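Report on the structure given below.
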Amino acid sequence: MRRIYQAPREFVFGAWKDPNQIVKWWGCDGCTHVDSEMDFREGGAFTHTMHVEGEGKMPYSGIYQKIVEPELISWTVEFQGCSTCVTVEFKDLGDRTELTLIQEGAPSSEYCQFVSQGYGASLEKLDQVLSGVRT
74 MRRIYQAPRE FVFGAWKDPN QIVKWWGCDG CTHVDSEMDF REGGAFTHTM HVEGEGKMPY
134 SGIYQKIVEP ELISWTVEFQ GCSTCVTVEF KDLGDRTELT LIQEGAPSSE YCQFVSQGYG
194 ASLEKLDQVL SGVRT
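Residue numbers (my numbering): 74 to 208.
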């Protein structure tokens, strides 16, 4: 999954490491709000609990495996009974940033499609936050 954001890399990366920013944009369509607990360091744990209309709470928990600020964040995640690895890369394009998100180890194409929809919604909300539309 790839997106270009109209914001410097440090600003985009910062939105991923600050729980006060994560709660503004993390979550699938139908997510009313997110509770976030993060220990943003290699080996640190996090949980983003999404409150989804009609579904209730959906926790997304993991362990940060590698952090290279402001270039890369990689983590293992437990979600919907599956364990996978997610890597987000941030490429500096001057006043813009190219973000690439890769998830490895998805157990099925259905699971991959499900989480891709969630990541897609989150990355769209992130664009709105970075543009100052969503506060």
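Don't be surprised by glycine CBs; every beta carbon is placed ideally from N, CA and C. Here the structure is a predicted model, which means the values were calculated and not measured.
For residue i, does the three-state DSSP call read helix, strand or coil?
i: F113; result: coil
i: R169; result: coil
i: A217; result: Any answer about residue 217 is impossible in this case: the structure gives the chain only from 74 up to 208.
i: W99; result: coil
i: E197; result: helix
i: S182; result: helix
i: T208; result: Confidence is the limiting factor: at T208 the pLDDT is only 38, short of 50, which leaves the residue's position unreliable, though a coordinate-based value still follows. T208 falls in the coil class under three-state DSSP.
i: E83; result: helix
i: Q153; result: coil
Could you work out which residue in the options is closest to residue i when comparing CA atoms only?
i: P223; options: R76, P81 and I77; result: In the structure displayed, the chain extends from 74 to 208; residue 223 sits before or after that span and is not available.
i: K139; options: E162, P92 and S181; result: E162
i: I136; options: R75, K198 and E110; result: E110
i: G154; options: V188, L145 and D168; result: V188
i: W148; options: Q79, V202 and E115; result: E115
i: G191; options: F119, F113 and D102; result: D102
i: S134; options: T120, L145, V141 and K97; result: T120
i: M131; options: F152, D91 and L145; result: F152
Given a cut-off of 8 Å on the beta-carbon distance, is the pair residue i and residue j in contact?
i: T105; j: E126; result: yes
i: V85; j: T170; result: yes
On the premise that residue j lies in contact with residue i, defined as a C-beta separation below 8 Å, what is that separation, rounded to the nearest angstrom?
i: T160; j: G178; result: Wrong, their Cβ atoms sit about 11 Å apart, outside the cutoff.
Taking buried to mean at least 16 other C-beta atoms within 10 Å of its own C-beta, is residue i buried or exposed?
i: L166; result: exposed
i: I77; result: exposed
i: M123; result: buried
i: D168; result: exposed
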